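*Asks:*
Protein chains: 2
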Amino acid sequence: MPKQTILVVDDEKDLLDLIEYNLKKEGFEVLKAENGEEGIAVAKEKNPDLVLLDIMMPKMDGMQAVEDMRRDDQLKKIPVIFLTARSDEKTEVEGLNKGGDDYITKPISTTKLISRIKAVLRRFDEKEEETNVLEVHDITIDRDRYIVNKKEEEFHLPRKEFELLFFLASRKGKVLDRQTLLNKVWGDNIYVVDRTVDVHVRKIREKLGDHYIETVKGVGYRFKE
Amino acid sequence: MPKQTILVVDDEKDLLDLIEYNLKKEGFEVLKAENGEEGIAVAKEKNPDLVLLDIMMPKMDGMQAVEDMRRDDQLKKIPVIFLTARSDEKTEVEGLNKGGDDYITKPISTTKLISRIKAVLRRFDEKEEETNVLEVHDITIDRDRYIVNKKEEEFHLPRKEFELLFFLASRKGKVLDRQTLLNKVWGDNIYVVDRTVDVHVRKIREKLGDHYIETVKGVGYRFKE
DNA sequence: AAATCTGGTAACAATTTCTTCATTTTATAT
DNA sequence: ATATAAAATGAAGAAATTGTTACCAGATTT
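Chains A and B are the protein sequences, given in the same order. Here the first sequence stands for residues 2 to 226, where the numbers follow my numbering. Here the second sequence stands for residues 2 to 226, where the numbers follow my numbering.
#1: Whose C-beta lies closer than 7 Å to the C-beta of M61 of chain A among residues of the same chain, with five residues either side of it excluded?
#2: With 8 Å as the threshold, decide whether the Cβ of K185 of chain B is near any Cβ in chain A.
#3: Please identify the residue among A:L158, A:S171, A:L165, A:L8 whose C-alpha is closest to the C-alpha of K134 of chain A.
#4: So with CB distances below 7 Å, who are the chain B contacts of Y147 of chain A?
#5: Below 8 Å between beta carbons: does that hold for D55 of chain A and D11 of chain A?
#6: With a Cβ-Cβ cutoff of 8 Å, do V121 of chain B and D145 of chain B count as a contact?
#7: How about P80 of chain A: is its C-beta nearer than 8 Å to some C-beta of chain B?
#8: Would you please verify whether the beta carbon of R71 of chain A is less than 8 Å from any beta carbon of chain B?
#9: Determine the chain A residues that contact R223 of chain B at a beta-carbon separation under 8 Å, and present them in chain order.
#10: Less than 7 Å between C-beta atoms, sequence neighbours within five positions excluded: which residues of the same chain meet that for D178 of chain A?
#11: Is R160 of chain A close to chain B? Criterion is C-beta to C-beta, closer than 8 Å.
#12: Just the C-alpha distance for K175 of chain B and E215 of chain B, rounded to the nearest angstrom, thanks.
#13: Measure the C-alpha to C-alpha separation of D18 of chain B and A44 of chain B and round it to an integer number of angstroms.
#14: I'd like to know whether the C-beta atoms of K208 of chain A and F168 of chain A end up nearer to each other than 8 Å.
#15: Leaving out five residues before and five after D189 of chain A in sequence, what residues of the same chain have Cβ atoms less than 8 Å from its Cβ?
#16: Expressed to the nearest angstrom, what Euclidean distance is found between the alpha-carbon atoms of L8 of chain A and R223 of chain B?
#17: Name the DSSP beta bridge partners of A34 of chain B, please?
#18: Could you please give the first and the last residue of the uninterrupted beta strand (DSSP E) stretch that includes I109 of chain A?
#19: Which full runs of the alpha helix (DSSP H) of 4+ residues lie inside the stretch 175 to 212 of chain A, going along the chain?
#20: What do you get for H1 of chain B, buried or exposed, if any count of 16 or more other CB atoms within 10 angstroms of its CB means buried?
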């Protein structure tokens, strides 16, 4: 695994160096920035795996920075941990609401910092590593959430329809006959009439439109390339 | 990392020595006690990372000892693995309900013992790292205090309901099936009917309202994004 | 000891999803 | 263009899943 990169944004240079030292010792790549604006610029360029963000800063403060990040397609998926000067509950809550993933209060315990960072990264890796999200044409089929997105719309398909769509989409372009679909989606020793597939295809088309699944007469169905 | 300490409580001296030998070989620090009372005393003084506890013992038996431990602020967070003489299902279940984290039946396989210990320790380390305060929608789920806040209101959910809510919320958006929920919230070795999850979900909804947990028919439940 | 929680089970009602089938429409080969 | 097989459609009943309530056994409090 390549080194993971952490962007640290804080206006106190000494603290920045201290954190850098500790993170490097743990094997992380470290980027630094001294205010929110600079932080966002660096993030855009280097795409860090995580951002450690001070809440109180001149120019653009941490809260503002996160809001901006969450609005940017490229940056919105990067986890953020806040550094707050004191245990100010109100701030914490607000920060987490704005899209932070965790927070740590100063003064910082190195051990805690490291373990929190690892915990957040682990949580994020878990999320990413699964190939359960298919993006095809203008739709996203998310098997973790069981939701199909088309532009802004959300579709909640029932299980069989969803699984069928997912299976077809995961083999985009390939024609699959009804028996194969039954075996793969319904299960091997389940007995249902193969025309059942037709009905499900129809329901999917009713909901999403019929530009996704093609009929190949005499053979089966195919998800359009 | 400093050596991890394991307290072994058993009235059979030979077994005690055998376990000690094996654990030391694995690099653990080992403490010994011959009954529940002594065990608790030692635990209080030395703060072990894990306790290996025989269920059947003179003076104070293991079951009693765990209950006492779980009531003691200093000791309640220490993981406990039971040693049971035979595979007596009823005892196991009871033990796990009282607050044990795993159990091993005698006669003991050293390999199994070691791997269980490591597994439990790993699980615990992870837990410690995790954030204990979740901010989702308009509620705050505070695992340190076992309290859910919604605006100004405070809700005290019973343990299972709380843990279930917490787990779902910590995986916000992801659909989790009943089996996964049972494994993660109830524990790997506990056998309960999976519909139990439904009832707990309902109770949570009754208290907090049903805008938080969504049902995904045929699949499981999801905390709303 | 009674009253109150908590966690779990079971049963039935309510709802959604799945499957089938009869009928209409479409695609394709002749 | 027509015949024909295959697929789309509509609608109904079956099956599966969940919501809900009631109840019970232990624990915990009063």
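Glycine included, C-beta positions come from ideal geometry on N, C-alpha and C. Please read all numbers here as calculations on a predicted model, not as lab measurements.
*Replies:* Reading it off the structure:
#1: Once the five neighbours on either side are set aside, the close Cβ partners of M61 of chain A are N36, G37, E38.
#2: Using a Cβ-Cβ cut-off of 8 Å, K185 of chain B does not count as an interface residue toward chain A, since no Cβ of chain A sits closer than that to its own.
#3: Per the sequence presented here, residue 134 of chain A reads as Val, with Lys not at that position. Residue nearest to V134 of chain A within the set A:L158, A:S171, A:L165, A:L8 is A:S171 (criterion: CA-CA distance).
#4: Residues of chain B passing the Cβ test: V176, V217, V220.
#5: The answer is yes: Cβ separation under 8 Å.
#6: Contact check for V121 of chain B against D145 of chain B fails: the beta carbons are separated by 8 Å or more.
#7: Not closer than 8 Å to any Cβ of chain B, the Cβ of P80 of chain A fails to qualify, so no.
#8: So no, R71 of chain A is outside the interface.
#9: The contacting residues are R146, Y147.
#10: So the list reads V220, G221, once near-sequence residues are dropped.
#11: Yes, its Cβ sits closer than 8 Å to a Cβ of chain B.
#12: For the pair K175 of chain B and E215 of chain B, the Cα-to-Cα distance works out to about 10 Å.
#13: The straight-line gap from Cα to Cα measures roughly 18 Å.
#14: Going by C-beta atoms, K208 of chain A is not nearer than 8 Å to F168 of chain A.
#15: So the list is empty, once near-sequence residues are dropped.
#16: Each residue's CA atom was taken as its position, placing L8 of chain A and R223 of chain B some 32 Å apart.
#17: Answer is B:V10.
#18: Where I109 of chain A is concerned, there is no enclosing beta strand (DSSP E), because DSSP gives it neither an H nor an E.
#19: Runs found: 179 to 182, 196 to 209.
#20: This structure cannot speak to residue 1 of chain B, because chain B is shown only from 2 to 226.
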